[in-house]
Amino acid sequence: MAAVGSAFAIWPFIDSMNPSADVLALGSKEVDLNDIDKGSTKTIKWRGKPVFIKHRTDEEISQAREVNLENLKDPQKDEDRVIKPEWLVVVGVCSHLGCIPLGQKETDVKGDFNGWFCPCHGSHYDSSGRVRKGPAPKNLEIPKYKFVDKNKIKIG
Numbered sequence: 035m036a037a038v039g040s041a042f043a044i045w046p047f048i049d050s051m052n053p054s055a056d057v058l059a060l061g062s063k064e065v066d067l068n069d070i071d072k073g074s075t076k077t078i079k080w081r082g083k084p085v086f087i088k089h090r091t092d093e094e095i096s097q098a099r100e101v102n103l104e105n106l107k108d109p110q111k112d113e114d115r116v117i118k119p120e121w122l123v124v125v126g127v128c129s130h131l132g133c134i135p136l137g138q139k140e141t142d143v144k145g146d147f148n149g150w151f152c153p154c155h156g157s158h159y160d161s162s163g164r165v166r167k168g169p170a171p172k173n174l175e176i177p178k179y180k181f182v183d184k185n186k187i188k189i190g
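Sequence positions in the sequence shown follow the working numbering and run 35 to 190.
Spelled out as structure tokens, the structure:
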């Protein structure tokens, strides 16, 4: 009987350690994809980090899928990095030392593989966010996300 009483007494303390609703809301973000033209990238902020959402062209998808995985430092098939082939969602932080790669704007340098280029130490990423050249050891991270509907994703 004492154990039951103790459990009731400490429950409010244990429950107070759970994140509040406002903290949980900060952990996820919905993004409307309607304003991202094919071939362009939108950058949003999620959990204090940039997230690149790229609306890939058919050519970019084909190029990403034709890559020989043996040539990659961090081999991952393009199909394993996307939910829908035309949409790539990556955390925009270089896996080398945490710089933000260029490639979101039309005028940005996109590196040797038509994706992103990290100006800090010269890492090159392809249109699937995979490291292809330079000191970065890993591909750009894919955050947990899902499609809420045809033109909206929820990250986190």
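Yeah, the Cβ is synthetic: ideal placement off N, Cα and C, and Gly gets one too.
Keep in mind it's a predicted model, so treat the numbers as computed, not measured.
Cβ-Cβ separation between F151 and D160: approximately 11 Å, too far for a contact (criterion under 8 Å). When rounded, the separation of the alpha-carbon atoms in E140 and P153 is 16 Å.
Per DSSP, H130 has no beta bridge partner at all. Its chain contains R115, V123, V124 as the residues whose beta carbon lies nearer than 7 Å to that of I176, once the 5 sequence neighbours on both sides are disregarded; these appear in chain order. A residue is called buried when at least 16 other Cβ atoms come within 10 angstroms of its Cβ; I117 does not meet this threshold and is exposed. The beta carbon of P119 sits closer than 6 Å to the beta carbons of I95 from its chain, once the five residues preceding and following it are set aside; these are given in chain order. The beta-carbon separation of V101 and I87, rounded to 21 Å, does not stay under the 8 Å limit for a contact. Across the set S129, G132, V165, H130, the C-alpha of V165 shows the shortest separation from the C-alpha of E104.
Collapsing the DSSP output to three states places I87 in a strand.
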